[in-house]
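First the structure, in the form of structure tokens, and then the observations on it.
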Amino acid sequence: SQTIHQWPATLVQPVGSPLSLECTVEGTSNPNLYWYRQAAGRGLQLLFYSVGIGQISSEVPQNLSASRPQDRQFILSSKKLLLSDSGFYLCAWSSGVDRGYTFGSGTRLTVV
Amino acid sequence: GDSVTQMEGPVTLSEEAFLTINCTYTATGYPSLFWYVQYPGEGLQLLLKATKADDKGSNKGFEATYRKETTSFHLEKGSVQVSDSAVYFCAGGSYIPTFGRGTSLIVHP
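Written out as structure tokens, the structure is:
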């Protein structure tokens, strides 16, 4: 069966520090991978998606970046965090638009 | 582009009450439609889906019917339980789904 792992679960980082969140999928190959951010009381904002190794599409210009160094690994990064980067970050994978997403358990990021 | 609008919450019900959470969509083509549920501190879980008009998705007593004529995908449950308390998200799209803002459901004993 397919599983998705996302870590860390919580993170407190000072403003200006770097960020690296990792997401891995097991039990499938060539998944579509996604990073979302969920702000309090708001819906999900799509940040990045990837349909293959090295292929990254950015939905929202900001100081975050994403990389896909391996087929089932998706990394969200920042060189210098801002206070506005605080939020709940969710990784998800899908095998097709009509299959729906499987989400990771999320990372609660607080920038102080 | 595609968009999804769902009713704002919170929705507060007593146990065993009937639940409806409205969701409407705007899309070109024929989007797939989904309902997800999020329990506190967790990621979203796919609750049910429908991929074409008149399809009914169902799971754990929840149902939603893809109504093309009204561009709607309302979530219903005949008798809610305290354990159903969560945030529910409607989503839809032809390529990458767009999510609604979420509706918080609170069920009291």
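Chains A and B, in that order, are what the protein sequence lines are. So the first sequence is residues 225 to 336, counted in this note's numbering. So the second sequence is residues 384 to 492, counted in this note's numbering. Don't be surprised by glycine CBs; every beta carbon is placed ideally from N, CA and C. Everything numeric in this text was worked out from a predicted model, so none of it was measured.
Test: residue i CB closer than 8 Å to a CB of chain B
i, result
"Tyr313 (chain A)", "no"
"Val284 (chain A)", "no"
"Val321 (chain A)", "yes"
"Phe298 (chain A)", "no"
"Phe327 (chain A)", "yes"
"Leu257 (chain A)", "no"
"Arg266 (chain A)", "yes"
"Leu245 (chain A)", "no"
CB contact check: residue i to chain A, cutoff 8 Å
i, result
"Ser462 (chain B)", "no"
"Arg484 (chain B)", "yes"
"Lys432 (chain B)", "yes"
"Tyr478 (chain B)", "yes"
"Gly426 (chain B)", "yes"
"Phe401 (chain B)", "no"
"Leu429 (chain B)", "yes"
"Phe445 (chain B)", "no"
"Ser415 (chain B)", "yes"
Member of the options whose CA lies at the smallest distance from the CA of residue i
i, options, result
"Arg450 (chain B)", "B:Ser415, B:Leu427 and B:Ser468", "B:Ser415"
"Leu430 (chain B)", "A:Gly324, A:Gly328 and A:Ser329", "A:Gly324"
"Gly426 (chain B)", "A:Ala290, A:Ile228, A:Ser310 and A:Leu307", "A:Ile228"
"Ile404 (chain B)", "B:Glu398, B:Pro423, B:Ser455 and B:Ser386", "B:Ser455"
"Glu398 (chain B)", "B:Gly483, B:Cys473, B:Ser466 and B:Thr486", "B:Ser466"
"Ala307 (chain A)", "A:Ala290, A:Ser319, A:Val236 and A:Gly276", "The sequence shown places Leu at residue 307 (chain A), not Ala. Looking at the Cα atoms, A:Val236 is the closest of the given residues."
"Lys443 (chain B)", "B:Lys435, B:Gln464, B:His457 and B:Ala433", "B:Gln464"
"Trp418 (chain B)", "B:Ser487, B:Cys473, B:Phe482 and B:Ser477", "B:Cys473"
Straight-line gap, residue i to residue j (C-alpha atoms, nearest Å)
i, j, result
"Lys460 (chain B)", "Ser441 (chain B)", "10 Å"
"Asn287 (chain A)", "Lys303 (chain A)", "8 Å"
"Phe401 (chain B)", "Pro492 (chain B)", "14 Å"
"Pro232 (chain A)", "Ser329 (chain A)", "10 Å"
"Gly485 (chain B)", "Gln294 (chain A)", "33 Å"
"Phe272 (chain A)", "Gly278 (chain A)", "12 Å"
- Query: Counting pairs of beta carbons, one from the segment 245–257 of chain A and one from the segment 298–314 of chain A, are three or more of them closer than 8 Å?
  - Reply: yes
- With a floor of 3 residues, list each beta strand (DSSP E) that falls wholly inside the segment 234–311 of chain A, ordered by position along the chain. 234–237, 243–250, 256–262, 268–276, 279–282, 288–294 and 297–302
- Stretch-stretch touch, CB-based, cutoff 8 Å, three pairs: the segment 230–246 of chain A with the segment 324–334 of chain A: yes
- Message: My parser needs the beta strand (DSSP E) runs of 3 or more residues fully inside the segment 416–492 of chain B; what are they?
- Response: 427–433, 439–442, 445–448, 458–460, 469–476 and 486–491
- Is the segment 384–401 of chain B in contact with the segment 309–319 of chain A, if contact means three or more CB pairs nearer than 8 Å? no
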